[in-house]
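Everything below concerns the one structure shown next.
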Amino acid sequence: MVKARIKELLDKYFAAGAGQGLWSKAAAGSYTVELPKLAAHGDFSTNFAMLVAGREKKNPRETAIWLAKKMGAHKDLFDKVEIAGPGFVNFFIRDGVWQSVVKSVCEQGYNYGFSQVGHQKKVLVEFVSANPTGPLSIGHGRQAVLGDAIARLLEATGHTVTREYYYNDAGRQMRVLGESTRARYLELLNLAAEFPEDGYQGEYIYDIARKLIIEKGDSLKDTEDIKPFKEKAEQEIFANIAETLAKLDIRFDNYYNEHSLYEKGLVEDVVTRLRTKGLAYDHDGAVWFKTSEFGQEQDRVIIKSTGEPTYRLPDIAYHREKLKRGFDWLVNIFGSDHIATVPDVLAGLRALGYDDSKVTVVIHQFVTLTREGKQVKMSTRKANFVTVDELFDEVGPDVVRFFFLMRKADSQLEFDLDLATKESQENPVFYVQYANARLSSIQKKAKEKNISRTLLQGVSLDKLTLPEEFNMLKALASYPELVESSGLDLSPHRIIFFLMDLAGLFHSYYNSHLVISDDPELPQARLWLAEALRIVFHNGLRVVGLSAPESM
RNA sequence: GCGCCCGUAGCUCAGCCGGAUAGAGCGCCGGACUUCGAAUCCGUAGGCCGCAGGUUCGAAUCCUGCCGGGCGCGCCA
37 MVKARIKELL DKYFAAGAGQ GLWSKAAAGS YTVELPKLAA HGDFSTNFAM
87 LVAGREKKNP RETAIWLAKK MGAHKDLFDK VEIAGPGFVN FFIRDGVWQS
137 VVKSVCEQGY NYGFSQVGHQ KKVLVEFVSA NPTGPLSIGH GRQAVLGDAI
187 ARLLEATGHT VTREYYYNDA GRQMRVLGES TRARYLELLN LAAEFPEDGY
237 QGEYIYDIAR KLIIEKGDSL KDTEDIKPFK EKAEQEIFAN IAETLAKLDI
287 RFDNYYNEHS LYEKGLVEDV VTRLRTKGLA YDHDGAVWFK TSEFGQEQDR
337 VIIKSTGEPT YRLPDIAYHR EKLKRGFDWL VNIFGSDHIA TVPDVLAGLR
387 ALGYDDSKVT VVIHQFVTLT REGKQVKMST RKANFVTVDE LFDEVGPDVV
437 RFFFLMRKAD SQLEFDLDLA TKESQENPVF YVQYANARLS SIQKKAKEKN
487 ISRTLLQGVS LDKLTLPEEF NMLKALASYP ELVESSGLDL SPHRIIFFLM
537 DLAGLFHSYY NSHLVISDDP ELPQARLWLA EALRIVFHNG LRVVGLSAPE
587 SM
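Residue numbering for the first sequence follows my numbering, starting at 37 and increasing by one per position.
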């Protein structure tokens with residue numbers, strides 16, 4: 037919140053300088069406000085003079101002097117404004133400004149950190165989108181948590197968010213699922229059964245087959261139609277997926293079935309339009325999309341010679357439909373194995389005359405599990421692949437969520453089961469939640485001792501003078517900007533890092549200073565500081581979907 | 001061969017829309033509870049930011065080329 041005020045002033049003086057003809061408007065917005073590493077360089081610094089003057093081939097120091105004089109006039113904000121190095125302008129914030137952060141936080145409470153930068157822009161976040169062929173793997177788990185956290189951050193920054201799960205229950209995968217289920221069903225009845233070559237080998241197929249036997253006995257043994265097997269499997273697996281997601285507190289607003297695109301003729305319409313524009317053609321009995329006209333090496337098949345569409349055709353229709361539904365921004369969360377579909381879909385949208393810059397694809401890398409320092413082997417299809425449910429056998433939902441959010445999407449994520457299962461010491465989830473619990477505990481303790489917080493307006497916040505206290509105040513002040521940037525950048529991991537840092541500051545402070553002491557005024561100031569910290573821990577945990585326990 | 005991602009402390013990773021002397025957690029070693037919760041804290045050690053060029057007043061950050069790892073490159077999804 038302090039940084040934002042400085043940025044506003046800089047923009048104001050940049051405009052003023054441009055108005056006086058000191059420089060052109062070319063450098064508008066190029067300068068930044070940063071946190072210097074050295075205390076001697078102030079609380080904030082800006083490269084304003086270097087960038088603005090550099091562009092005009094003027095002396096940065098002169099521009100810095102001009103700016104420092106203007107900025108220095110704001111005595112309510114700054115103790116002093118200095119020029120250093122090649123033209124940095126360094127700002128030293130008044131203590132009172134930091135101390136008043138407590139007031140802002142406590143007044144806004146659970147709304148602190150929320151903003152309207154999104155202007156209620158309509159965003160559709162599509163994630164998970166796994167076809168119901170089996171339980172969610174840990175790769176899906178990462179995606180589920182990442183997508184949900186991103187959705188929450190977008191909501192916190194004033195976007196109108198819809199969470200959507202896209203699936204297809206009509207394709208080859210589902211046929212194989214039905215065949216696999218039938219094979220297990222017959223096997224359990226001790227009848228001859230041929231298991232499909234590329235069938236689903238997981239134990240869960242037996243579970244589904246057993247349920248079928250309980251419900252229908254052997255009445256399906258002579259049925260050639262795989263439909264009853266497929267439908268039962270789909271129903272059971274979807275129920276399982278929904279249950280897993282519910283444990284993670286993830287709920288979708290919409291499940292979008294690919295099949296409905298066909299029913300509405302939307303898939304066919306894409307082909308027609310592409311043909312009309314000369315961007316689709318027949319070759320070798322198949323229909324091709326001229327992706328080569330959109331920067332790709334070769335054209336792609338959209339309808340096979342069998343008459344069946346390839347996945348990319350309904351994908352294009354689906355994304356077009358999302359834009360037609362009125363969304364301003366489409367955020368897709370994909371695993372890195374699906375990266376190849378992105379250029380096809382974007383090309384399709386452009387070919388149909390839509391703005392593909394409205395689509396942002398977050399690609400997340402793979403998850404590996406380690407136990408005792410060794411990688412746990414995983415392979416899909418086979419029975420030994422690791423599911424989110426299996427993770428829940430060992431750790432709770434907060435741990436799963438936290439670990440999945442600890443890395444940026446671009447990085448491969450190593451899920452250390454040894455670390456995750458530790459209920460103490462070095463487990464970062466508990467480290468952060470413990471800070472929240474301790475802060476809650478302090479307030480309870482104060483009540484027990486009949487110390488109630490006096491009115492915020494009358495509290496002597498200037499009693500907060502320790503360096504540790506200022507460090508925490510500065511962190512609290514930066515929180516709204518953090519939520520804004522991690523929301524707009526779709527980067528929830530930054531919230532996690534912030535929480536770990538803040539927990540470190542607080543635990544350290546707690547161990548060397550008493551909040552509740554005999555001093556006449558200090559406890560009031562510190563109790564309010566503790567309350568502000570508790571609010572920010574609570575808000576930070578909740579904004580990425582973690583719980584904020586008052587006791588553990 | 002081509003595309004995308006990654007390469008930073010022993011390990012796992014932040015920092016990457018250029019800023020001043022590169023950070024955290026874990027691990028190792030040694031300490032701290034008669035005080036608000038020890039699921040905590042304090043202290044020590046640890047670096048050619050993969051390599052080589054380039055752009056810049058300034059590069060872990062941007063560009064190019066290599067090297068190493070991951071994921072893709074289907075008329076599978």
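No residue lacks a Cβ here, since even glycine has one placed at the ideal position from N, Cα and C.
**Prompt:** With contact counted as at least three CB pairs below 8 Å, one residue from each stretch, are the region 383-397 and the region 184-191 in contact?
**Reply:** With a cut-off of 8 Å, the region 184-191 and the region 383-397 do not count as touching, because too few Cβ pairs lie within range.
Let me check understanding here. Comparing Cα to Cα, which of Ile571, Leu248, Ile119 lies closest to isoleucine 262?
The residue from Ile571, Leu248, Ile119 with its alpha-carbon nearest to that of isoleucine 262 is Leu248.
### Task
Please name the residue, chosen from Ser136, Lys116, Tyr67, Ile186, that lies closest to glutamate 520 on a Cα-to-Cα basis.
Nearest to glutamate 520 by C-alpha distance, out of Ser136, Lys116, Tyr67, Ile186, is Ile186.
Checking the sheet assignment: what are the DSSP bridge partners for leucine 366?
As DSSP reads the structure, leucine 366 sits in a beta bridge with Leu160, Val395.
task: Counting only runs of 4+ residues fully inside the region 461-487, write out the alpha helix (DSSP H) ranges in chain order.
output: Qualifying alpha helix (DSSP H) stretches, in chain order: 464-484.
Quiz item: Using the rule of at least 16 other Cβ atoms within 10 Å of the residue's Cβ for burial, across every protein chain shown, is valine 38 buried or exposed?
Solution: Flag for valine 38 reads buried.
I want to know whether the region 116-130 touches the region 80-90 - three or more CB-CB distances under 8 Å.
A contact between stretches requires three or more CB pairs, one per stretch, nearer than 8 Å, and the region 116-130 meets this requirement with the region 80-90.
Requested in this report: Mind checking which residues open and close the alpha helix (DSSP H) that includes threonine 312?
Outcome: That run of the alpha helix (DSSP H) goes 302-312.
Legend entry - Ranges of the beta strand (DSSP E) found wholly within the region 186-213, counting only runs of at least 3: Taking only runs of at least 3 residues, the beta strand (DSSP E) segments lying wholly in the region 186-213 are 196-203.
#### Entry: One or two residues paired with threonine 404 in a DSSP bridge
Its beta-bridge partners are Glu450.
Q) Which whole runs of the alpha helix (DSSP H) in the region 59-113 are 4 residues long or more, in chain order? A) With a minimum length of 4 residues, the continuous alpha helix (DSSP H) runs that stay inside the region 59-113 are 84-91, 96-108.
Below 8 Å, how does it come out for the region 262-280 and the region 214-221: are there three or more Cβ pairs, yes or no? A contact is defined here as three or more CB-CB pairs under 8 Å, and the region 262-280 meets this definition with respect to the region 214-221.
Under the three-state reduction of DSSP, which class applies to glycine 149: helix, strand or coil? Glycine 149: coil per DSSP, three-state reduction.
Quiz item: Since aspartate 318 sits in a beta bridge, which residues does DSSP pair it with?
Solution: Paired residue(s): Val323.
In chain order, what residues of the same chain lie with their CB nearer than 7 Å to the CB of serine 527, ignoring the 5 residues before and after it? For serine 527, same chain residues with a beta-carbon under 7 Å away, outside a window of 5 residues either side, are Lys444 in chain order.
Exercise. Taking Cβ to Cβ, would you say glutamine 448 is nearer than 9 Å to glutamine 401?
Worked result: Their beta carbons are under 9 Å apart, which means glutamine 448 touches glutamine 401 by this criterion.
- Task: May I have the straight-line CA-CA distance separating valine 117 from leucine 45, to the nearest angstrom?
- Result: If you draw a straight line from the Cα of valine 117 to the Cα of leucine 45, it is about 13 Å long.
- Message: Please state whether the Cβ-Cβ distance between serine 328 and aspartate 335 is less than 9 Å.
- Response: By the CB criterion at 9 Å, serine 328 and aspartate 335 fall inside the cutoff.
- Just list the beta strand (DSSP E) runs in the region 234-306, keeping only unbroken ones of 3 residues or longer that don't cross its boundaries, in chain order. The qualifying runs are 290-293.
7 Å Cβ shell around isoleucine 286 - same chain, five flanking residues per side excluded
Apart from sequence neighbours up to five positions away, the residues of its chain that approach isoleucine 286 with a beta-carbon distance below 7 Å are Ala180, Asp184, ordered along the chain.
Looking at arginine 570 and asparagine 472, is the spacing between their C-beta atoms short of 9 Å?
-> Contact flag set, yes.
- Return the CA-CA distance between valine 551 and glutamine 56, expressed in angstroms with no decimal places. Between the alpha carbons of valine 551 and glutamine 56 lies a distance of about 52 Å.
Q) Heavy atom of the ligand PLP less than 8 Å from the Cβ of leucine 550, yes or no? A) In the structure shown, the ligand PLP is absent, as is every other ligand, since no ligand is present at all.
| task | Flag this pair as touching only if the region 154-164 and the region 194-204 have three or more C-beta atom pairs under 8 Å; answer yes or no. | result | Touching, per the Cβ criterion.
Using 9 Å as the threshold, is the C-beta distance between glutamate 357 and leucine 297 below it? Yes, Cβ-Cβ distance for glutamate 357 and leucine 297 is below 9 Å.
Handout entry: proline 168 classed as buried or exposed, judged by whether at least 16 other C-beta atoms fall within 10 angstroms
Key = Burial call: buried.
Got a sec? Which residues, its chain only, sit under 7 Å from glycine 154 by beta carbon, not counting five neighbours each side?
If we look at glycine 154 and ignore the five residues flanking it on each side, its Cβ neighbours are Leu190, Thr193, Gly194, His195.
Quick one: what's got a C-beta closer than 7 Å to asparagine 226's C-beta in the same chain, skipping five residues either side?
Taken in chain order, the list of residues that qualify is empty.
Could you tell me the distance, in whole angstroms, from the CA atom of methionine 588 to the CA atom of lysine 94? About 60 Å.
In this structure, how does DSSP classify glutamate 118 when only helix, strand and coil are distinguished? Assigned with DSSP and collapsed to three states, glutamate 118 falls in strand.
- Query: What residue from Asp351, Arg489, Gly238, Val367 has the CA that sits closest to alanine 219's CA?
  - Reply: Selected option, being the one with the closest Cα: Gly238.
TODO: Just confirm the distance between the C-beta atoms of phenylalanine 534 and leucine 524, as a whole number of angstroms; I'd bet it's less than 8 Å.
DONE: Between phenylalanine 534 and leucine 524, the beta carbon gap of about 16 Å keeps them out of contact (Cβ cut-off 8 Å).
*Selection from Leu315, His110, Tyr67, Val137 that minimises the alpha carbon distance to valine 495*: Comparing Cα positions, the closest option is Val137.
Apart from the five residues on each side of it in sequence, which residues of its chain come closer than 7 Å, Cβ to Cβ, to lysine 111?
-> Nothing listed; no residue qualifies.
Query raised in the report: Quick one, which of Val381, Lys157, Glu92, Asn293 has its alpha-carbon nearest phenylalanine 330's?
Result: It is Val381 whose Cα lies nearest to the Cα of phenylalanine 330.
| Between the CA atoms of histidine 176 and histidine 529 - distance to the nearest angstrom | Each residue's alpha carbon lies about 17 Å from the other.
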